[in-house]
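To start, the structure itself, in structure tokens.
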Amino acid sequence: MNDLLQMARVDKALQDEDTAHLAINLNEVASKRLVPGLQVETEELDDGVAVDIVVEEDVQIDRRVHLCFGVTREQAVQHIDMDVRLEPNASISVLSHCIFPRAVDVEHRMDARISVGENASYHYDEKHIHSEEGGIAVYPSAEVELAPHARFATVFELIQGRVGVLDIDYG
């Protein structure tokens with residue numbers, strides 16, 4: 103997992119005691135650090151991880167939260183089942199690193215349910231690092247619910263390698 107974090111150039115950020123993070127390799131939680139007002143529960147599954155994230159009411163997470171999802175194998179299926187809830191007046195900015203450096207036949211699925219409370223703000227930057235073979239199918243999907251005056255933004259970026267299949271479904 104350390105190789106994956108170095109590839110994403112975030113290993114130093116994850117050593118910072120004031121920076122929250124969650125790092126997952128295939129279906130194993132490799133590392134997790136929380137900050138006050140941020141709750142993260144995980145359950146390891148056969149083919150991935152279930153993640154439940156809550157930002158408590160009136161809490162603004164000042165530093166970007168790092169989510170690192172990776173697969174070091176050439177062949178695998180990874181499924182991230184994620185529930186995210188921001189309570190009223192909460193805010194969080196997430197930098198998600200999805201790292202698949204050896205992918206020949208890898209499927210990465212993320213199914214998310216996102217609820218952003220009244221006057222809350224959720225920003226999600228997703229940066230992918232893939233193998234040059236392009237042997238990965240990426241299927242991120244999310245159902246997003248926004249309360250009055252809530253804000254939601256997301257960015258997807260492939261910063262290295264090739265993608266074989268990309269099917270983004272946010273509704």
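Counting from 1 along the sequence shown, just add 102 to a position and that's the residue number in my numbering.
For every residue, glycine included, the Cβ atom is placed at its ideal position computed from N, Cα and C.
All of these numbers come straight from a predicted model, not from anything done at the bench.
Would you check if the distance between the CB atom of V173 and the CB atom of F202 is smaller than 8 Å?
Taking the sequence shown and counting its residues from 1, one reaches residue 173 at position 71. Taking the sequence shown and counting its residues from 1, one reaches residue 202 at position 100. Against a cut-off of 8 Å, the Cβ pair of F202 and V173 comes out as a contact.
Among L188, G150, L140 and R166, nearest to H251 - alpha-carbon criterion:
Translated into the one-based positions of the sequence shown, residue 251 becomes position 149. Looking at the Cα atoms, L188 is the closest of the given residues.
Endpoints, beta strand (DSSP E) assigned at P242
Reading the sequence shown from its first residue, position 140 is the one you call residue 242. Looking at the DSSP string, the run of the beta strand (DSSP E) that includes P242 is I238 to L248.
Supposed close pair G219, A249 - CB separation, criterion 8 Å:
Against the sequence shown, residue 219 aligns to sequence position 117. Against the sequence shown, residue 249 aligns to sequence position 147. At roughly 5 Å, the Cβ-Cβ gap stays under 8 Å, so G219 and A249 are in contact.
Can you name, in chain order, every residue of its own chain whose Cβ lies under 8 Å from the Cβ of D148, other than the five neighbours on each side?
Along the sequence shown, read from residue 1 onward, the residue named residue 148 stands at position 46. Here the set comprises N129.
Proximity below 8 Å, CB of V208 to CB of R166
As a first step, residue 208 must be located in the sequence shown, where it is residue number 106. As a first step, residue 166 must be located in the sequence shown, where it is residue number 64. Cβ distance not < 8 Å, so V208 and R166 don't count as in contact.
For I216, count neighbouring C-beta atoms within 10 Å of its own C-beta (all shown protein chains included) and say buried if the count is 16 or more, exposed if not.
Translated into the one-based positions of the sequence shown, residue 216 becomes position 114. Its Cβ being crowded by 16 or more others within 10 Å, I216 is buried.
Contact check, A205 vs E176, beta carbons under 8 Å:
Indexing the sequence shown from 1 puts residue 205 at position 103. Indexing the sequence shown from 1 puts residue 176 at position 74. Contact: yes.
Using only the alpha-carbon positions, how far apart do E228 and V240 sit?
Your numbering for residue 228 matches position 126 in the sequence shown. Your numbering for residue 240 matches position 138 in the sequence shown. Near 12 Å, if we compare the C-alpha coordinates of V240 and E228.
Can you name the start and end residues of the beta strand (DSSP E) that S233 belongs to?
For the purposes of this step, residue 233 is taken as residue 131 along the sequence shown, with counting starting at 1. S233 -> no beta strand (DSSP E), and no H or E assigned at all.
As an exercise, report each continuous beta strand (DSSP E) stretch of at least 3 residues that is fully enclosed by the segment 173-223, in chain order.
177-188, 193-202 and 207-218
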